[in-house]
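Under our numbering, the letters of the sequence shown match residues -4 to 307, in that order.
Just so you know, even glycine gets a beta-carbon here, dropped at the ideal spot from N, CA and C.
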Amino acid sequence: VDDWRAADQDAFWHRKSGKPVLSVVICRSQSGELVTFRGMNTEVSLPAGSLCAERAAIAQAASQFQQAAGILAIATADPQDKLNPLWPCEVCQSWLSKLRPQSPSIAVLAVSTSACGAFAVRVNGEVRLPPQLLTQPSPRHGPSARMAWPELVELMEGISEWPWEARELVYVDGAWSFLHSGHQSILRIARSRGMHLLVGVHSDEVLKREISGPVREGYETRLGRIMQHRHVSSVLKDAPWVLTHDMIMSLGIRRVITGSVSKVQDVRCCSGESFDDPYRAARDLGILEVVPSVDQTTEWKVHEMSVALSRL
-4 VDDWRAADQD AFWHRKSGKP VLSVVICRSQ SGELVTFRGM NTEVSLPAGS
46 LCAERAAIAQ AASQFQQAAG ILAIATADPQ DKLNPLWPCE VCQSWLSKLR
96 PQSPSIAVLA VSTSACGAFA VRVNGEVRLP PQLLTQPSPR HGPSARMAWP
146 ELVELMEGIS EWPWEARELV YVDGAWSFLH SGHQSILRIA RSRGMHLLVG
196 VHSDEVLKRE ISGPVREGYE TRLGRIMQHR HVSSVLKDAP WVLTHDMIMS
246 LGIRRVITGS VSKVQDVRCC SGESFDDPYR AARDLGILEV VPSVDQTTEW
296 KVHEMSVALS RL
């Protein structure tokens, strides 16, 4: 928008309607980098059909030999603020639908004003909430200070794709004490469900509040073990006990995995408040999958066994 305003305007390109529209396409290149391509509507000959900004931007990406599967998002704005928010026309929607088999989850953004400070997001026609800052922090539902969820994410070595950039992001969380057989199984299954596995690790403070008894392994030990696991793409540090709609939408989570032996049972949760379903938001969105646990192993059973063996 700033570049358009700084340039000398040529009224010829919009000689019919007098309404310029700008668009930008965001792609992931084959090298893994994010690249952008912009387009503007043109109205050279209306009988032959005008060219919308969205299609111009897509064509620009194709002309630079970008892969159709690499298209992640497309945003559109009226720099004169006469039409915003502006969604793709029927022809452009048809183009996007044809691209869907190559890139199933293209995010379509419409800004409220040309300042681009607020916007709406649609994915496959469904409205999604854009990433948001936490406005009412809660020790049970999120970080203890105002921050964006992505600030808590750390990529594993060799991973260049952030969770919210992944085509199919899967989330699983827990204490991960002792990383027993049940944990190993759920991590393997969760990784098989998508392109990127984000693993939440609860802090010592969260566990002390949610369980009865001491924390059996410190946070740094548990976090370090998860960060070395081969199935993990990234970790969410100090993950909240309860998933929220804001967290799911901000991080772009498409599926949440939990075992039939849940994390509540795993840590032998006994406080009354903790019997609340920590995955209610995911369940309500229809993205929660409960997979059969490999056995009935829990961290407190592993701990009791270790204590018994130490007494022999």
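### Message
Could you check whether the stretch 17 to 27 touches the stretch 66 to 75, counting it as contact only if at least three pairs of C-beta atoms, one from each stretch, sit closer than 8 Å?
### Response
Judged by Cβ distances under 8 Å, the stretch 17 to 27 makes contact with the stretch 66 to 75, as three or more pairs qualify.
### Task
Measure the C-alpha to C-alpha separation of S228 and A115 and round it to an integer number of angstroms.
Taking the first residue of the sequence shown as 1, we reach residue 228 at position 233. Taking the first residue of the sequence shown as 1, we reach residue 115 at position 120. Spanning the two alpha carbons is a distance of roughly 28 Å.
#### Entry: First through last residue of the alpha helix (DSSP H) which encompasses G189
Taking the first residue of the sequence shown as 1, we reach residue 189 at position 194. Element bounds for G189: n/a, residue is neither H nor E.
### Task
Just the C-alpha distance for L91 and N119, rounded to the nearest angstrom, thanks.
Within the sequence shown, the letter at position 96 stands for residue 91. Within the sequence shown, the letter at position 124 stands for residue 119. The alpha-carbon separation between L91 and N119 amounts to approximately 9 Å.
### Query
Taking C-beta to C-beta, are I206 and W171 nearer than 8 Å?
Counted from its first residue, the sequence shown places residue 206 at position 211. Counted from its first residue, the sequence shown places residue 171 at position 176. Going by C-beta atoms, I206 is not nearer than 8 Å to W171.
### Query
From which residue to which residue does the alpha helix (DSSP H) around M222 run?
For the purposes of this step, residue 222 is taken as the residue at position 227 of the sequence shown. Segment Y214 to M222, the alpha helix (DSSP H) holding M222.
### Message
I'd like the span of the alpha helix (DSSP H) that includes E205, first residue to last.
### Response
Taking the first residue of the sequence shown as 1, we reach residue 205 at position 210. Counting along the chain, the alpha helix (DSSP H) containing E205 begins and ends at D199 to E205.
#### Entry: Bridge partners - A64, DSSP secondary structure assignment
Within the sequence shown, the letter at position 69 stands for residue 64. In DSSP, A64 forms no bridge with anything.
### Message
Quick check on the DSSP output: the beta strand (DSSP E) that includes V230 runs from which residue to which?
### Response
Within the sequence shown, numbered from 1, the residue matching residue 230 stands at position 235. Secondary structure note for V230: its beta strand (DSSP E) is the uninterrupted segment S229 to L231.
### Query
Skipping 5 residues on each side, what residues in its chain have a beta carbon closer than 7 Å to that of A234?
What you label residue 234 is simply residue 239 of the sequence shown in a count that begins at 1. Only D168, G195, V196 and H197 meet the Cβ criterion.
### Message
I'd like to know whether the C-beta atoms of L218 and V251 end up nearer to each other than 8 Å.
### Response
Along the sequence shown, one-based indexing puts residue 218 at 223. Along the sequence shown, one-based indexing puts residue 251 at 256. By the CB criterion at 8 Å, L218 and V251 fall outside the cutoff.
### Task
Inspect the CB distances between the stretch 36 to 56 and the stretch 147 to 156 and report whether three or more fall short of 8 Å.
Fewer than three pairs of CB atoms, one per stretch, sit closer than 8 Å, so the stretch 36 to 56 makes no contact with the stretch 147 to 156.
### Query
Which term fits P83, buried or exposed, when burial requires 16 or more other beta carbons within 10 angstroms of its beta carbon?
Residue 83 sits at position 88 when you count from the first residue of the sequence shown. Under this definition P83 is a buried residue.
### Backbone CA spacing between R275 and D199 [nearest angstrom]
Translated into the one-based positions of the sequence shown, residue 275 becomes position 280. Translated into the one-based positions of the sequence shown, residue 199 becomes position 204. If I take the Cα positions, the gap works out to 23 Å.
### Task
Would you list, in sequence order, the uninterrupted alpha helix (DSSP H) runs of no fewer than 4 residues that lie entirely inside the stretch 4 to 63?
As far as the stretch 4 to 63 is concerned, its whole alpha helix (DSSP H) runs of at least 4 residues are 48 to 58.
### Message
Let me check understanding here. Comparing Cα to Cα, which of A54, S45, E152 and G247 lies closest to G13?
### Response
As a first step, residue 13 is located in the sequence shown; it is residue number 18 there, counting from the start. Of A54, S45, E152 and G247, the residue nearest in Cα terms is S45.
### Query
With C-beta atoms as the reference, is L231 less than 8 Å away from L192?
Position 236 of the sequence shown, counted from the first residue, corresponds to residue 231. Position 197 of the sequence shown, counted from the first residue, corresponds to residue 192. Going by C-beta atoms, L231 is not nearer than 8 Å to L192.
### Query
What's the call for G267, buried or exposed, on a 16-neighbour Cβ count within 10 Å?
In the sequence shown, the residue the question calls residue 267 occupies position 272. Note that G267 scores 42 on pLDDT, short of 50, meaning its location in the model is unreliable; the coordinates nonetheless yield the value given after this. Around the CB of G267, fewer than 16 other CB atoms lie within 10 Å, so the residue is classed as exposed.
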